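So the numbering used here is basically just the index in the first sequence, starting at one, shifted up by 24. Just so you know, even glycine gets a beta-carbon here, dropped at the ideal spot from N, CA and C. These figures come from a predicted structure and were not determined experimentally. Here's the structure, in C-alpha cells; my notes come after.
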Amino acid sequence: MIDIALLRNEPELVRENIRKKFQDHKLPLVDEALALDSRRRALQQEGDTLRAARNTLSKQIGALMKEKKTEEANAVRAQVTANADRLAAIEAETNEVSEKLKAVMMRIPNIISKDCPIGRDDSENVERKRFLEPKVPDFEIPYHLDILEKLAGIDIDSARRTSGQGFYYLTGDVARLHSAVLAYARDFMINKGFTYCIPPFMIRSDVVSGVMSFEEMDGMMYKIEGEDLYLIGTSEHSMIGRFMGQTLDEKQLPLTLTSYSPCFRKEKGAHGIEERGIYRIHQFEKQEMIVICKPEESESWYEKMWNYTVELFVSMGIPVRQLECCSGDLADLKYRSCDVEAWSPRQKKYFEVGSCSNLTDAQARRLNIRYKTEKGSVYAHTLNNTVVAPPRMLIAFLENHLLADGSVEIPEVLRPYMGGQSKIVVK
RNA sequence: GCAGAAGUACCCAAGUGGCUCAAGGGGCUCCCCUGCUAAGGGAGUAGUACCUGUGAAAGGUAGCGCGGGUUCAAAUCCCGCCUUCUGCGCCA
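The structure is reproduced here in C-alpha cells:
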C-alpha cells in the first residue's frame, strides 16, 4: 500500500509506475483513489464539525439538568436530535468511502526500484550473476525421486495412503540430511548476527488477512476446523504478524531475525501438486530470514540478504544464480525482488530455491508497523528472504552431489550435522 | 476445557452516565533552593492518528484491551471477542 500523500502530490509518478508494470488496466484506479480521498476528507470535515457542535450542546444539557431547567434542556436536546440523522448518514458514508478507498489503494502497486528491469512477465527476468560453475557430469542424472528411492530416503506410497498426494515420508540418512541442512542454515544465519526464532505455526484470521490478499489466502491457507486459526504458509506470516500494529523503538532497529517453521500450502491453481516428486508439495520446512529496518537501510539489507543465501548454497557446493524479477513479474507489494536459483544438472537449467524481497514501507503501512523517532513515528521497511527450504533444496543437492555409483556425497560443512558421515550410499 | 477476577499513560492507580476533552502518586525532563554519596520547592509529561490551516501558529475530531450497541452525552450501561491472573481439570 503506497502513501496516500504520494498519490495526492504526484499522481503522475504513480501512473508511470503502473505503466512500467504493464498494468494499464489499473490506471483509472489513480483517479478513483483521488476522488474517494477528497470525498472522505470532506465527509470527515463535515462530521467533525457536527460532532463538535454536539459535544458543545451536550455539555449545555448537562449544565441545565443540574440546575433542574428541564424544559430548556429538552429544547437543546431537540437541536442535537435534529442533526443526529445527518451525522449518522455521514458516518455511514465515511465508512463506505474509506473501505472503497482502502480497496483501491490495495490494488495500486508499490513504487518499484529504479534498478528494477522493465519487462512483462517472468520470461523477461534478468540473470545478474552466477556463482560456481554449472556442471553436467558424464553420467545420466535420474529424476530426483529415483535418486531418493535408491537411497531408501523416501516413501511416497505410504504418504498417499495416510495423507494423499503432495505429502512424503523422508527416511533414514536422507531425513537426517534434511534436518542437517536446516540446522546448518540456522547456525549460518546466527553467525551472520540474526536472532533465531521459532514462531507459532498457526495464526488467526486477522493476521492472515493482514499479510495476504483474499485470493492468496484461498489458494494457500489451510483452515483449522472450528477454530479461528490457519496453518502458516511460511514463517514470514507469523514473523511479520508479530509486529502488526506495533510501534517499535528506533534503538531496536534493525530487527534481523531468522525463523524455522514447517509451511503448509494448498497450492491450488498455478501448476498444482506434482505427482512425481517433492518439488511442489503441501508441506515443507523452511529457514527464513526477515529484516525490519529504517527506510535508508533497506536497499543495503536487500543486497546482503540474497547474498547470504548464495553464500550458503555455495558453501554446500551447489551452483546458483541470481535472477532479478522484472517489473511485470513483481508482486504489487514489492519494491524489488530476486530469486536465487540452483543449478539442475539433470534439466540443464536453473530452478527457484529462494526468493528475496524488499517491500519498502508498503507492507508496514498495510500492517501498521512503525518506529518512534524524535520527530515522530514513521513506517519501517520490511524485507524477507528464504535461507533454505528443504525438501525442494534437496533436489538440487542430490543432483549436484550424485556420484556415478548412485551414492551422494555430503559436503564438508554438513558432515558435523551428519555424525561425520561423508556419503549416503545406495541401499 | 470449566469457574471467578481483572485490563485506564513508562509504572502504580482513582474513577457506576454530564463537576474527567481522564484525578493522584512514582519515574522521567526542565527550573529554583541547598551545597557535595542528603533533602526540599515549582513547572512539564495521555502517547498517537486523521482533518482544516499557518510564515510560525492555531483549531477540530477520534482515542480508557479490541469491535459493536444504548443515549443529547459512555472509561462508566448492554452485547460479542481478545488477553492476563487465581483455582479446578487435562497434558507432551
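Beta-ladder partner(s) of residue i, from DSSP
| i | result |
| --- | --- |
| LYS373 | SER368 |
| GLU433 | LYS447 |
| PHE308 | CYS287 |
| ASN378 | A small fix is needed here, since residue 378 is Gly in this sequence, not Asn. In the DSSP output, where bridge partners are listed per residue, GLY378 has VAL364. |
| MET313 | THR282, ASN409 |
| ASP179 | TYR193 |
| THR397 | GLY400 |
| MET226 | LEU255 |
| LYS247 | TYR254 |
Beta-carbon gap between residue i and residue j smaller than 8 Å
| i | j | result |
| --- | --- | --- |
| ASN409 | TRP330 | yes |
| LEU354 | LYS153 | no |
| TYR374 | ARG345 | yes |
| PHE288 | GLY257 | yes |
| GLU309 | PRO286 | yes |
| LYS50 | ILE132 | yes |
| TYR284 | ARG200 | no |
| MET417 | VAL364 | no |
| PRO435 | GLY341 | yes |
| GLY301 | LEU169 | yes |
| CYS317 | LEU357 | no |
| SER379 | ALA420 | no |
| LEU125 | ALA29 | no |
| GLU274 | TYR395 | yes |
| ASN382 | LEU407 | yes |
| GLU423 | ILE165 | yes |
| LEU53 | VAL128 | yes |
| TYR192 | ILE305 | yes |
| GLY352 | GLU173 | no |
| GLY243 | GLY188 | no |
| SER233 | MET241 | yes |
| TYR208 | VAL437 | yes |
| ILE171 | LEU336 | no |
| ILE178 | VAL205 | no |
| PHE218 | THR280 | yes |
| PHE163 | ALA428 | yes |
| CYS221 | THR282 | yes |
| LEU81 | GLU117 | no |
| PRO343 | LEU156 | yes |
Start and end residues, alpha helix (DSSP H) containing residue i
| i | result |
| --- | --- |
| ASP211 | 196 to 215 |
| GLU56 | 52 to 90 |
| ASP109 | 94 to 131 |
| LEU30 | 28 to 33 |
| LEU172 | 168 to 174 |
| LEU438 | Premise fails: LEU438 is in no alpha helix (DSSP H) and is neither H nor E. |
| LEU391 | 386 to 391 |
| GLU260 | 259 to 265 |
| ASP242 | 238 to 244 |
Residue i, enclosing beta strand (DSSP E) - first and last residue
| i | result |
| --- | --- |
| TYR332 | Not the beta strand (DSSP E): TYR332 falls in the alpha helix (DSSP H), residues 322 to 339. |
| PHE22 | This structure does not reach residue 22, given that the chain is present from 25 up to 451, and the question cannot be answered. |
| ASN409 | 405 to 412 |
| VAL235 | That residue, VAL235, is in no beta strand (DSSP E); its alpha helix (DSSP H) goes 229 to 235. |
| GLN346 | 344 to 348 |
| THR219 | 219 to 221 |
| LYS45 | It is not in any beta strand (DSSP E) - LYS45 carries neither H nor E in the DSSP assignment. |
| ASP145 | From DSSP, ASP145 is part of no beta strand (DSSP E); its letter is neither H nor E. |
| MET139 | At residue 139 the sequence reads Asp, which differs from the Met that was named. First-last for ASP139: undefined, no H or E at that position. |
| LEU418 | Taken as a continuous stretch (DSSP letters only), LEU418 belongs to no beta strand (DSSP E), being part of the alpha helix (DSSP H) at 416 to 425. |
| ASP273 | 271 to 273 |
Could you check whether the stretch 76 to 84 touches the stretch 97 to 105, counting it as contact only if at least three pairs of C-beta atoms, one from each stretch, sit closer than 8 Å? yes
Evaluate the contact criterion for the stretch 253 to 262 versus the stretch 223 to 239: three or more CB pairs, one atom per stretch, below 8 Å. yes
Does the structure place the stretch 383 to 394 close enough to the stretch 166 to 182 that three or more beta carbon pairs sit under 8 Å? no
Whether or not the stretch 117 to 136 and the stretch 31 to 45 are in contact is what I'm after, with contact meaning three or more pairs of Cβ atoms, one per stretch, closer than 8 Å; do they touch? Contact between the stretch 31 to 45 and the stretch 117 to 136 is present: 3 or more CB-CB pairs across the two stretches fall below 8 Å.
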